[in-house]
Every structure is written in structure tokens, then in C-alpha cells.
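Chains A and B, in that order, are what the protein sequence lines are.
Position in the first sequence (from 1) plus 248 gives the number in my numbering.
Position in the second sequence (from 1) plus 432 gives the number in my numbering.
Heads up, the beta-carbon is just placed ideally off N, CA and C, and yes, glycines get one too.
None of the values given here were measured: they were computed from a predicted structure.
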Amino acid sequence: MRNRVRELRTSGEHSQGELAAELGVSRQTINAIETGRYLPSLPLALRIGQLFGEPVEDIFELEDGD
Amino acid sequence: MKAAIMQKRTLGIAVLLVLGGSIAVASAIGGDPSGAVVLAAFYLLSGVGVWLWSRRSGDVAALLRSEGDERQRAVDLRATAISGLAMGAFAIAGTIVQLARGEDPTMFALVCMVGGVAYSVAVGVLRARN
Numbered sequence: 249m250r251n252r253v254r255e256l257r258t259s260g261e262h263s264q265g266e267l268a269a270e271l272g273v274s275r276q277t278i279n280a281i282e283t284g285r286y287l288p289s290l291p292l293a294l295r296i297g298q299l300f301g302e303p304v305e306d307i308f309e310l311e312d313g314d
Numbered sequence: 433m434k435a436a437i438m439q440k441r442t443l444g445i446a447v448l449l450v451l452g453g454s455i456a457v458a459s460a461i462g463g464d465p466s467g468a469v470v471l472a473a474f475y476l477l478s479g480v481g482v483w484l485w486s487r488r489s490g491d492v493a494a495l496l497r498s499e500g501d502e503r504q505r506a507v508d509l510r511a512t513a514i515s516g517l518a519m520g521a522f523a524i525a526g527t528i529v530q531l532a533r534g535e536d537p538t539m540f541a542l543v544c545m546v547g548g549v550a551y552s553v554a555v556g557v558l559r560a561r562n
């Protein structure tokens, strides 16, 4: 699964730590989501969408084989 | 805030040391003082190792505090499952080896039974809840 979390975060000039604090998760978790090592739960994905003001399906995208 | 986090982490290490210390004391009471010293040293070194690791890793620190976000809880859950599998495999192997040597396999078999029953009950409860 691909995602645009890093792109959206950097375009808003937020650090991983700031985004983590906003979402109530650890900085390591933001890093793991951005690098594709961790798939967030549906509630967290929805909160990420809310925070960036974008629908979740515009942030997270299925890849072939998913 | 930082002091509270530090206190919780220290409490986590203290629990590990008290449990390890209890095992060492039990070994001494059971008539094996040298074994008790080895066990105490092992648990003390483990405690120091975990403490140092938790200073380098936010994930480990969060697990020690029994806190953490969804990813850290998932890591904890998987690590618990893997350690359960390792213990189960060790208990089954121990039962087989003891039986093959003609010795009493009761302790290993008991661990197998506890694991099997706990797993069955957990599957039943979790299926009903989810």
C-alpha cells in the first residue's frame, strides 16, 4: 500500500514529531507509516485524513497485490 | 511530565528485578545458593540491559511503561505471541526428551497443558467478543 503522508506532512512544513503529537502517536509510528512498514488502523487513517483535510482514499492507495 | 515517564519506566524495570529476585531467593531457599547468585546476576544484567535499551528506543520505553500507541501495542502483541510459541515449542520438546529418557515429564507436560487450555479459552472468548 502506498501513501502520501510524508508528502502532505512536508508540504505543511510539519516535523514527524509535530504530526505524531497531533495524532497522539509516537514519532516512530509516523516514520513507520511514511516508509510503508506499518499500516495504520482505520481510525488512525481517518484521523490522518481529517488532519490533512483529504479523504482517506486520496492518502492511502492500494498497490498491485494488496 | 518527563519525570512521570521516567518513574513509570523505572517501575517497569523494578517489577522485572523483583520477579527475577524472587526466583533467585527461591533458588537459595531451595538449597542452591550459588545458583541463586548466578540467577540474581542474570536478572540484574537483564534489567540494566533493558534500561539501556529503553534509553535508545522510544518503542521499548513505551512498552516498559505499559503504554504506547497502536503500532507499539501491535509490536507487543506479536512479540508476546512469538515468545508464547517459543515457550510452547520448548515445553513440547522437553516433554518428548524427558519421555525418551524414561524420566518424569510432568513439569513440561503441565506447561503444555496450561498453554493449550489458555489458548483454547482465549480463542473461545475472543471469538465471542469479536
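Which same chain residues, not among the five before or five after residue 547 of chain B, have their C-beta less than 6 Å away from its C-beta? 520
Three-state class that DSSP yields for residue 261 of chain A in the structure shown: coil
Chain B beta carbons: is any one of them nearer than 8 Å to that of residue 251 of chain A? no
To the nearest angstrom, report how far apart residue 376 of chain A and residue 535 of chain B are at their CA atoms. A question about residue 376 of chain A goes unanswered here, because the residues of chain A that appear run from 249 up to 314.
For the candidate residues B:488, B:446, B:444 and B:470, whose alpha-carbon lies nearest to that of residue 456 of chain B? Residue 456 of chain B has its Cα closest to that of B:470, out of B:488, B:446, B:444 and B:470.
Interface partners of residue 292 of chain A on chain B, CB under 7 Å: 502
Opposing strand residues paired with residue 308 of chain A [DSSP bridges]: A:251
Once DSSP output is grouped into helix, strand and coil, what is the label at residue 492 of chain B? helix
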